[in-house]
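Participant:
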Amino acid sequence: MNDVVKSALAMMGVAVFAGMLIILTHASLSASAPGGAASSASNGVTLAKDSAASHPAEVK
Amino acid sequence: MTAGEFGRGIFAQNPVFRVALGVCPALAVTATMADALVMSGLVMAVLAASNLAVSITRNLIAQRVRIPCQILIITAFASMANMLLLNRSPHFSAALGIYVPLIAVNCLILNRADAFAAKNKPIASLLDAIVVGIGFTVALLACSMIRELFGNFSLMGQKVIPGHQPFLALTTACGAFFSLAFVLGLYNYFMAQKGKEKA
Chain A
98 MNDVVKSALA MMGVAVFAGM LIILTHASLS ASAPGGAASS ASNGVTLAKD SAASHPAEVK
Chain B
219 MTAGEFGRGI FAQNPVFRVA LGVCPALAVT ATMADALVMS GLVMAVLAAS NLAVSITRNL
279 IAQRVRIPCQ ILIITAFASM ANMLLLNRSP HFSAALGIYV PLIAVNCLIL NRADAFAAKN
339 KPIASLLDAI VVGIGFTVAL LACSMIRELF GNFSLMGQKV IPGHQPFLAL TTACGAFFSL
399 AFVLGLYNYF MAQKGKEKA
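Taken in sequence, the protein lines are chains A and B.
The first sequence begins at 98 in the working numbering and counts up one residue at a time.
The second sequence begins at 219 in the working numbering and counts up one residue at a time.
#1: Could you tell me which chain A residues have their CB closer than 9 Å to the CB of Met409 of chain B, listed as they occur along the chain?
#2: What residues are listed by DSSP as bridge partners for Gln376 of chain B?
#3: Can you name the start and end residues of the alpha helix (DSSP H) that Tyr407 of chain B belongs to?
#4: With a threshold of 8 Å, establish whether the CB of Pro384 of chain B neighbours any heavy atom of the ligand PLP.
#5: In this structure, how does DSSP classify Asn338 of chain B when only helix, strand and coil are distinguished?
#6: Could you list which residues in chain A have their beta carbon closer than 7 Å to that of Val323 of chain B, in chain order?
#7: Any Cβ of chain B within less than 9 Å of the Cβ of Ala128 of chain A?
#8: Suppose you measure from the CA of Ala313 of chain B to the CA of Val256 of chain B; what does that come to, to the nearest Å?
#9: What first and last residue would you give for the alpha helix (DSSP H) that runs through Ser307 of chain B?
#10: What are the boundary residues of the alpha helix (DSSP H) that Ala432 of chain B is part of?
#11: Assuming the contact rule is C-beta atoms closer than 8 Å, Leu270 of chain B and Pro340 of chain B should be a hit. Round their C-beta distance to whole Å, please.
#12: What does the Cβ neighbour count give for Glu415 of chain B, buried or exposed, with the cut at 16 atoms within 10 Å?
#13: If you follow the alpha helix (DSSP H) that Arg330 of chain B is in, where does it begin and where does it stop?
#14: Give the interface partners of Pro286 of chain B over in chain A, defined as CB-CB distance under 9 Å, in chain order.
#15: Just to make sure I have the definition right: I need the residues of chain A whose C-beta is within less than 7 Å of the C-beta of Val283 of chain B. Which are they?
#16: Where does Thr220 of chain B land, buried or exposed, given buried means 16+ other C-beta within 10 angstroms?
#17: Do Ser268 of chain B and Phe295 of chain B count as a contact pair if the criterion is CB distance below 9 Å?
#18: Cβ closer than 7 Å: which chain B residues qualify as neighbours of Ala115 of chain A?
#19: Using 8 Å as the Cβ pair cut-off and three pairs as the minimum, do the stretch 314–332 of chain B and the stretch 344–357 of chain B touch?
#20: I need the DSSP call for Ser148 of chain A, collapsed to helix, strand or coil.
#21: What is the rounded straight-line gap between the Cα of Ala107 of chain A and the Cα of Phe371 of chain B?
#22: DSSP three-state call for Ile119 of chain A: helix, strand or coil?
#23: On the criterion of 16 or more Cβ atoms from any shown chain inside 10 Å, does Asn300 of chain B qualify as buried, or is it exposed?
#24: When the Cα of Ala410 of chain B is compared with those of B:Phe229, B:Gly225, B:Glu223 and B:Gly222, which residue comes out closest?
#25: Could you tell me whether any Cβ in chain A is nearer than 9 Å to the Cβ of Leu344 of chain B?
#26: Could you list which residues in chain A have their beta carbon closer than 7 Å to that of Ala336 of chain B, in chain order?
#27: Residues of chain A with a CB under 7 Å from the CB of Asn435 of chain B: which are they?
Quick look at the structure:
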């Protein structure tokens, strides 16, 4: 294989590795954050329960 | 790696004192010991990860593109460190500021990747990263201890000498140069004394 092609492939491979590393870190941090995608549904439920508990008359 | 080589990497071949690598963070983020400790931890983590990755891929990457590839690898790990710090400790992220993303172009990390990791096996590269990282930590802690102790009369945020006016100039940029010069002077004095004893 041509040396230039080898070099280009190596750089592409490293760039993909670096990009994947950054994307995966960002995704895992977003998922674990309090306002992140994974926990937003449960937060919504908690907020609704709190609201019902603090305003019982309105709920009735 | 023997104990002698380990000690030599930390003191006699200290990256900051002996070859003046990584002086930029040594001057910029040593106003307090806590900042210096977090910065050195981040640099050590990025150094270890990038040394390991560069060493593992050393036979796959062509010689002519090795430096751009090493910079890409280091940048990826530095970005990871930046994101993790921003997420886990926004206080330190704000305190360290631009110097965390700038780990990507830290000449200490680039030097170890090209001079050592690109020519040695992964375990040896990892050990080299740990030794150089400890040396960097020692240098940063020495500078920050002087700056925090005399600039704020405190250590790790705890007041040591209450009721007196501290030398606030030491917490400024010029104070960083003075403290680094003082630590370098002490280091050179002790190394010269050690050389005389051996002779």
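No residue lacks a Cβ here, since even glycine has one placed at the ideal position from N, Cα and C.
All values reported here derive from a predicted model rather than from experimental measurement.
Facilitator: For this structure:
#1: Counted from its first residue, the second sequence places residue 409 of chain B at position 191. Within chain A, no residue comes near Met409 of chain B; the closest Cβ sits about 39 Å away, beyond 9 Å.
#2: By 1-based counting over the second sequence, the position of residue 376 of chain B is 158. Partner(s): B:Leu373.
#3: The residue given as residue 407 of chain B occupies position 189 in the second sequence. Run containing Tyr407 of chain B: Ala391 to Lys416, per the alpha helix (DSSP H) assignment.
#4: What this structure holds is no ligand at all, so the ligand PLP is not there to describe.
#5: Position 120 of the second sequence holds residue 338 of chain B. In this structure, Asn338 of chain B counts as coil in the three-state DSSP scheme.
#6: Here residue 323 of chain B refers to the residue found at position 105 when the second sequence is read from its first residue. Residues of chain A passing the Cβ test: none, with the nearest at roughly 15 Å.
#7: The residue you call residue 128 of chain A lines up with position 31 of the first sequence. No, its Cβ sits nowhere closer than 9 Å to a Cβ of chain B.
#8: Translated into positions along the second sequence, residue 313 of chain B becomes position 95. Translated into positions along the second sequence, residue 256 of chain B becomes position 38. C-alpha separation (whole angstroms): 10 Å.
#9: For this step, residue 307 of chain B is matched to residue 89 along the second sequence. Segment: none, Ser307 of chain B is in no alpha helix (DSSP H) and carries neither H nor E.
#10: In the structure as shown, chain B starts at 219 and stops at 417, and residue 432 of chain B therefore has no counterpart that could be examined.
#11: For the purposes of this step, residue 270 of chain B is taken as residue 52 along the second sequence, with counting starting at 1. For the purposes of this step, residue 340 of chain B is taken as residue 122 along the second sequence, with counting starting at 1. That pair is a contact at about 6 Å.
#12: The residue labelled residue 415 of chain B in the question sits at position 197 within the second sequence. Counting every other CB atom within 10 Å of its CB across the protein chains shown gives Glu415 of chain B a total below 16, marking it as exposed.
#13: Working through the second sequence from its first residue, we reach residue 330 of chain B at position 112. Arg330 of chain B -> alpha helix (DSSP H) spans Cys325 to Arg330.
#14: Within the second sequence, residue 286 of chain B is the residue found at index 68, counting from 1. Under the 9 Å cutoff, chain A gives Met108 and Val111.
#15: Your numbering for residue 283 of chain B matches position 65 in the second sequence. What Val283 of chain B touches in chain A: Ser104, Ala107 and Met108.
#16: As a position in the second sequence, residue 220 of chain B is number 2, starting the count at 1. Exposed: under 16 other Cβ atoms inside 10 Å.
#17: As a working mapping, residue 295 of chain B is identified with position 77 in the second sequence. As a working mapping, residue 268 of chain B is identified with position 50 in the second sequence. Yes; because the gap between Cβ atoms is below 9 Å, this pair is in contact.
#18: In the first sequence, residue 115 of chain A corresponds to position 18, counting from 1. What Ala115 of chain A touches in chain B: Leu290, Ile291, Thr293 and Ala294.
#19: As far as the Cβ criterion goes, the stretch 314–332 of chain B touches the stretch 344–357 of chain B, which means the pair count is three or higher.
#20: Here residue 148 of chain A is taken as the residue at index 51 of the first sequence, counted from 1. For Ser148 of chain A, the predicted model reports a pLDDT of 49, less than 50, meaning its position is unreliable and no value from the coordinates is stated.
#21: For this step, residue 107 of chain A is matched to residue 10 along the first sequence. For this step, residue 371 of chain B is matched to residue 153 along the second sequence. Each residue's alpha carbon lies about 52 Å from the other.
#22: Looking up residue 119 of chain A in the first sequence gives position 22. Here Ile119 of chain A sits in helix by DSSP.
#23: Locating residue 300 of chain B in the second sequence gives position 82, counting from the first residue. The Cβ neighbour count for Asn300 of chain B, taken over all protein chains shown within 10 Å, is at least 16; the residue is labelled buried.
#24: As a position in the second sequence, residue 410 of chain B is number 192, starting the count at 1. Comparing C-alpha distances from Ala410 of chain B to each of B:Phe229, B:Gly225, B:Glu223 and B:Gly222 shows the shortest one belongs to B:Phe229.
#25: The residue you call residue 344 of chain B lines up with position 126 of the second sequence. It does not: the Cβ of Leu344 of chain B has no partner Cβ on chain A nearer than 9 Å.
#26: The count along the second sequence starts at 1 and reaches residue 336 of chain B at position 118. Within 7 Å Cβ-Cβ: nothing; Ala336 of chain B doesn't reach chain A, min ~13 Å.
#27: Nothing in the structure corresponds to residue 435 of chain B, since chain B is present only between 219 and 417.
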